[in-house]
């Protein structure tokens, strides 16, 4: 028997109307099974569709399942922020006065309001990397083939996997990132993030980021919290300032902005503005 659920679609990392990355959020989804979740995620055809459920631990405010058109993810960034926004907007009351705790496939993730965002910007604490460090020669060659660049054009590469499987390549500059025309058939299952810096006065952002994930049904993700979290753990406070803004979505006609900050304790926080664009119900 189909049931009706409250539904929101939230634009995350937005800088204005329809500039970020939308996430579909289904509330009170405990009665849905895997097949229903997967089918609805395929139907929305967004980068991610999320389902809010009761937590299984007293330490969490809610449990989240995250689906792409190609399957379930243990963690993703823009769904984390968008769902926290939707949960709070729908009247969710966190156990703590200053943060929300999300339960998901990677464990517990803290989400808080950022003071420099006027009290409305949410940020999540980047979860520990499941895989980090240098990229081997074979994978580096495959990354180069996938991006249609030479190995010599990749200034550095690292695993920055916090759940989805990210590997990242740093190119000479933002223009090189925007010039990438990937060969998705050459990815071989890799999920590749690309980053390059802007020069002084070229942008309000420090870097341009792109994210390619063809194996989950999303050729290029417009704005990606999990990738930017991994990039922050790799680069913030080193090659990049401890606090910076990343631009993403330019190549797709979006204008996403991701606020990355490494705090004094070494934790990386990834924030962005979110706005609800659709409110209604869905029958599943």
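In our numbering, the protein residues as written are 239 to 522. For each residue, glycine too, the CB sits at the ideal point set by N, CA and C. Every value quoted in this text rests on a predicted model; they were computed, and no experiment measured them.
Here residue 487 is buried. Its C-beta has 16 or more other C-beta atoms within 10 Å.
Restricting attention to 491, 399, 385, 348, the CA atom closest to the CA of residue 372 is found in 399. Its Cα nearest to that of residue 260, the residue 510 stands out among 443, 510, 520, 382. Unbroken alpha helix (DSSP H) stretches of 4 residues or longer found wholly inside the stretch 376-441: 412-416, given in chain order. Under the 8 Å Cβ criterion, the stretch 313-331 counts as touching the stretch 280-290, having at least three qualifying pairs. Partner residues in a beta bridge of residue 466, as assigned by DSSP, do not exist. Contact annotation: residue 270 and residue 522 have beta-carbon atoms nearer than 8 Å. Distance from residue 344 to residue 322 at the Cβ level is roughly 15 Å; contact not present, criterion being Cβ atoms closer than 8 Å. Ranked by Cα distance from residue 458, the options 465, 449, 466, 464 are led by 449.
A direct Cα-Cα distance of roughly 26 Å separates residue 484 from residue 379. Looking from the CA of residue 416, the closest CA among 401, 427, 432, 428 belongs to 432.
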